[in-house]
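Below: the structure, in structure tokens.
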Amino acid sequence: MKTPIELLEQLESELTALRTKVYRAHSPEELTTIVNSLVAPFPAPTVALENRSLIQSLKIEEVLKKENCRLVHFPTNLTYPPEWKGETEGIPPPPPPSPSEEEGIGGGDRKASLWANSWEAVRSVDIGIGGADYALADTGTLVLFSAQSGGRWVSLAPTIHICLLPREKILSSLDDLFSCLADPSIEASRGSAITFITGPSRTADIELTLVMGAHGPKELHVIILLF
Amino acid sequence: MDIKTDQFKTLAAEALKNKAVQGALATACGHIGRMRAKAFQDWPDGDTLRDQAHRIKAGVMDNLGRYLDQLETSARKVGIRVHRAADAEDARRYILELVRSRTISLVVKGKSMTTEEIGLNPELGQNNVEVWETDLGEFIVQLAGEPPSHIIAPAIHKSKQEIAELFAQKLGVPLFDNAEDLTMVARKFLREKYFQAGLGISGVNFALAENGTLVIVENEGNGRLSTTFPRIHVAVMGIEKVIPGYKELAVFLKLLARSATGQKLSTYMSFLQGPRRPEEEDGPEELHLILLDNGRSKILADPELRPSLYCLRCGACLTSCPVYQRIGGHAYGWVYSGPIGSTLAPQYLGLMRAKDLPMASTLCGTCASVCPVRIPLPDLLLKLRQRIMEQGGATLYEQTFMKTWTLAQSHPFWVRSLTALARRGEKLLPGLFPQGVPLAEKTFHQWWQDENTD
Amino acid sequence: MIDLEAMGSIRPTSVTLFIPCLMDMVYPQAARDLTILLKNLGFTVKYPQDQTCCGQPAFNQGFIKEARKLAQRFLTIFASSEVIVCPSGSCTAMVRKHYPELFSTAPAWLDRARDMGQKLFELTEFLTRFVPFENIKASFPFTVTYHDSCHSNRVLGIVKQPRRLLAHVSGLTLIEMEPVQVCCGFGGLFSQKFPQLSQAIGMEKVKAIQNTGAQWVISNDPGCLMHIQNRLREKNLKIGVKHLVEVLASQ
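Residue numbers (numbering that gives the first Met the number 0), protein chains in the order written: chain Y, 0 to 226; chain X, 0 to 453; chain A, 0 to 250.
Here's what the structure looks like:
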């Protein structure tokens, strides 16, 4: 049986071996500093946040507003993108683009109001910040319940994924997680998908050369919350 | 894909002459093999888990009908639409009907050997549906118009140079010279497709009968993208993939990635339990599960060959096989290659149509020694050889040779005489035996006789 | 796999030879060396002269009737032998593993097949079990690499035994191949049916042998040895080929 500190260290070691950057935040202030340092290299990043209670309670949105970030939300007024190749019956047609919106599309200046709520923004968002429902120390795996994240895309579509992990969520292994899932109330809280993330996206399909960011996030940063 | 299992000898000969393929295979199989070996070396639980995995699969196959019924009930309960497809045509028809009724013209696919097996892409293409493979290796072979050559590394036979030229030609991008840039080309190109497609198709690694969960395992994220953004997700699953529940899943998940690539776990695992929920921003509105038979129940009904169905599609047997390492996947002429391919092809396609495949093995047993579910592959290949011979699969020459040889071996006089004759023959006609059996001047038997008759 | 430990360690006084057909015809000197070695170790050596083939080539090609016929012949010829030694992993594996499969529906033959599997030993199994190493006084002052035949290694579980024996040969240096325990590509009739494939696999084995820098390659299976010898000859390499028993009989 590992002690909590041993589990924490094991998780950090596994994550590092998986080319994931790990940080410890001992206070909300330290968390803010770490998040800012990750956002700072981008001149005007687009950021997506999970609809998670953890993200809301930590007031991440406010931290980001100070850093010239543009928040991207999953489109709700446009149900599907204009170029959608599927059934269109019953789906409201997209509103015609206004002149100011047309300027912004395809590069050049991004207009915050436009990019905050469109498909182009979603598929090119720079940073996604979310949490995790559990982590598995022996394999360096993050476990996300879609009902708690409010969806799946924030840990999937952005180029960089930042995951805030409360330390008490660290489990020893997959067996422990499955024991948790045996609890009906936990199983009921997971939503339509449990996603297990073990490092950033990777492929070695071209001559076995390891490349990160094949389709999913290129970088994964885990900030372990110790407060 | 065109089935060419009856052309094995020709295809293998071509592969042996292709130096580029030889080089790529050697590097890839060597590397992946070393990673796998390392993962199991540092992991004492491995052997016990493999025994457990074998037992679980055997238990599932003994009760497959019951587990499938249970899966169907659980899946429907969480909003998954279930369709049982008797064969490839049935499965294709279901998907085509879906595509027509929902007016879909763009489909994205995660990696699925089963969808290759049923020949889905060509049929969709014929019906004016644009289909994109999103796994990088599958994307590459799709652009090249070739079938995949390995279960987990589909483009293992292609060099970086070839891929760069392919991308430049087909996608109109500059000629890149490194894997990173080439990967980003694919990432950028496919990104749009995920968001435009009306339908995402995936395979299923495991399906849990107890609660209708579909498990999809991958490294790139294309599986997640294909099954999150399109409005409809269709998961195509061979019926042998059902397992009882989480307890059993733990055993397989611990073995799968280690066996395939030496990783502890694949980068992404998705446990899907139905379409999007009201409180979720994204996820498909409809999730369809196709339970594909396509010959599996026939194998199930055959107790000697039933272990063929235990396969997790990890690719370890391919990577470790001395025959596969020399010729790659294309020579086997079908979706499944290597030792497991040689076992499945005759059963799915017909003994005579694929009769060279079980013969093309030294029975070295390396495949069985790396199989995570301990499928006794050499024994299955031997059984298939017996069936092939029983059904007249041997040439007249082979039959005559074997019968004559057996007769000779039943009578020592003939063995000794024919050996003496052969030795004389080899002296007169060097190279009489194609593989050079250098017969000695005096056999041991003769020596013993001389020593012991004084 | 047979539990040899459970079989007890009563030292036999006489030993019957089962000489594989390939050894009889291609490497008779190895069989002669085996005879002399066993005699020098104090065993009475018997050799039923009627013996021919164990039936493996027929079995491996799927000719079950023919294999069964030869198996019955074998079981009859060796019925009264107490302990049988075979200098080939693949032949031993044929008898021990596959004979019971051949007679799964014939109880009387099945019993005889099972008994035979218990009293038939591959050479290194026999020596490491019944002979104290200091009794084998061999000298072979060369660098050597060892090829594990697939049947020895993966069917019979023989890995340590040949190495322990080689470690006791005076002057011998063993250099392991990397990767180790890889098929040589012979596969019996596979080499006749798929000669190019067989040779290509054999060439990889030759590369591995060359990379060790060893002067000799040793194995316990005459089929593997013959195949490797042919490939070495094709590449004009001056690396010698010997059966393990020849090394153990070297003075």
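Even glycine gets a Cβ: it sits at the ideal position worked out from N, Cα and C.
Predicted, not measured: the structure shown is a model, and the values here were computed from it.
Suppose you measure from the CA of residue i to the CA of residue j; what does that come to, to the nearest Å?
| i | j | result |
| --- | --- | --- |
| X/ARG33 | Y/ALA136 | 25 Å |
| A/ARG197 | A/THR12 | Per the sequence shown, the amino acid found at residue 197 of chain A is Ser instead of Arg. If you take the alpha carbons of A/SER197 and A/THR12, they lie about 41 Å apart. |
| Y/LEU176 | Y/VAL221 | 19 Å |
| X/PHE138 | Y/ALA192 | 26 Å |
| X/LEU70 | Y/LEU224 | 39 Å |
| X/ALA143 | X/PHE166 | 9 Å |
| X/LEU288 | X/LEU67 | 12 Å |
| Y/ILE33 | X/LYS263 | 29 Å |
| Y/ALA39 | X/LYS76 | 47 Å |
| X/PRO321 | A/GLY201 | 10 Å |
| Y/ALA203 | X/THR266 | 12 Å |
| X/THR26 | X/ALA315 | 15 Å |
| X/ILE117 | X/PHE175 | 35 Å |
| X/ILE215 | X/ARG186 | 20 Å |
| X/GLU239 | X/LEU63 | 8 Å |
| A/GLN117 | X/VAL372 | 29 Å |
| X/THR226 | X/ALA152 | 21 Å |
| A/TYR145 | A/LEU247 | 13 Å |
| Y/GLY105 | Y/TRP118 | Caution is warranted here: a pLDDT of 33 is assigned to Y/GLY105, below 50, making its placement in the model unreliable, and no coordinate value can be reported. |
| X/LYS108 | X/ILE200 | 5 Å |
Could you pull out every residue in the same chain whose Cβ sits closer than 8 Å to the Cβ of residue i, ignoring the five residues on either side in sequence?
| i | result |
| --- | --- |
| Y/SER188 | PHE144, ALA146, GLN147 |
| Y/VAL124 | THR45, VAL46, ALA47, VAL71, ALA156, PRO157, THR158 |
| X/LEU350 | LEU383, ARG386, ILE387, GLN390, GLY392 |
| A/GLY170 | SER138, PHE139, PRO140, PHE141 |
| A/ILE238 | ILE208, GLN209, ALA213, GLN214, TRP215, VAL216, LEU231 |
| X/PHE270 | THR212, LEU213, VAL214 |
| X/GLY282 | THR227, PRO274, ARG275, ARG276 |
Just reading off the alpha helix (DSSP H) that residue i is part of, what are its end residues?
| i | result |
| --- | --- |
| A/TRP215 | Taken as a continuous stretch (DSSP letters only), A/TRP215 belongs to no alpha helix (DSSP H), being part of the beta strand (DSSP E) at 215–218. |
| X/LEU70 | 63–76 |
| X/ILE31 | 18–40 |
| Y/HIS72 | Y/HIS72 -> no alpha helix (DSSP H), and no H or E assigned at all. |
| A/PHE73 | 63–76 |
| X/ILE200 | Note, X/ILE200: premise wrong, no alpha helix (DSSP H); beta strand (DSSP E) at 198–202. |
| X/ILE326 | 321–326 |
Assuming residue i contacts residue j under a Cβ cut-off of 8 Å, what Cβ separation, rounded to an integer in Å, is found between them?
| i | j | result |
| --- | --- | --- |
| A/GLY88 | A/GLU121 | 5 Å |
| Y/ILE126 | Y/ILE161 | 6 Å |
| X/LYS148 | X/GLY273 | Per the sequence shown, residue 148 of chain X should be read as Ser rather than Lys. Wrong, their Cβ atoms sit about 35 Å apart, outside the cutoff. |
| X/SER341 | X/LEU380 | 6 Å |
| X/GLN408 | A/THR75 | With 8 Å as the limit, X/GLN408 and A/THR75 do not qualify as a contact, their Cβ atoms being about 13 Å apart. |
| X/GLY392 | X/LYS354 | 5 Å |
| X/ILE103 | Y/LYS84 | 6 Å |
| A/PHE189 | X/SER360 | 7 Å |
| X/ILE231 | X/PRO306 | The pair is not a contact, with the Cβ atoms about 35 Å apart (cut-off 8 Å). |
| X/PHE251 | X/ALA52 | 6 Å |
Let me check understanding here. Comparing Cα to Cα, which of the options lies closest to residue i?
| i | options | result |
| --- | --- | --- |
| X/MET461 | X/SER158, X/ILE79, X/GLU440, X/PHE205 | Outside the displayed span of chain X (0 to 453) sits residue 461 of chain X, for which this structure offers no information. |
| X/VAL59 | X/LEU406, X/PRO338, X/TYR309, X/ARG75 | X/TYR309 |
| X/LEU181 | X/TYR193, X/SER360, X/GLN168 | X/GLN168 |
| X/TRP447 | A/VAL44, A/PHE125, A/PRO86, A/VAL158 | A/VAL44 |
| Y/ILE185 | Y/ALA43, Y/SER52, Y/TYR133 | Y/TYR133 |
| X/SER319 | X/VAL20, X/HIS30, X/THR405 | X/HIS30 |
| Y/LEU164 | Y/ALA16, Y/ARG51, Y/GLU5 | Y/ARG51 |
| A/LYS136 | A/TYR26, A/THR172, A/SER249 | A/SER249 |
| X/ALA196 | X/CYS313, X/ASP301, X/VAL98 | X/VAL98 |
| X/GLY299 | X/ALA19, X/LEU343, X/HIS329, X/PRO121 | The identity of residue 299 of chain X in the sequence shown is Leu, whereas the question assumes Gly. Comparing Cα positions, the closest option is X/LEU343. |
Starting from the C-beta of residue i, find all residues in its chain whose C-beta is less than 7 Å away, skip the five residues before and the five after it, and write them out in chain order.
| i | result |
| --- | --- |
| X/GLY332 | ILE2, LYS3, THR4, GLN6, PHE7, LEU10 |
| X/GLY261 | MET34, ARG35, LYS37, ALA38 |
| A/VAL130 | LEU40 |
| Y/LEU227 | Any question about residue 227 of chain Y goes unanswered here, given that chain Y covers just 0 to 226. |
Looking only at its own chain, which residues have a Cβ that is under 6 Å from the Cβ of residue i, when we skip the five neighbours before and after it?
| i | result |
| --- | --- |
| X/LEU189 | THR133 |
| Y/PRO96 | Residue placement at Y/PRO96 is poorly supported in this model, since its pLDDT is 44, which falls under 50; the coordinates still yield a value, given next. None. |
| A/ILE18 | ALA30 |
| Y/ASP108 | Note on Y/ASP108: pLDDT 32, under 50, position unreliable in the model; no value is reported. |
| Y/GLY212 | SER200 |
Residue i lies in the beta strand (DSSP E); which residues open and close that run?
| i | result |
| --- | --- |
| A/CYS85 | 83–85 |
| X/ALA84 | 79–84 |
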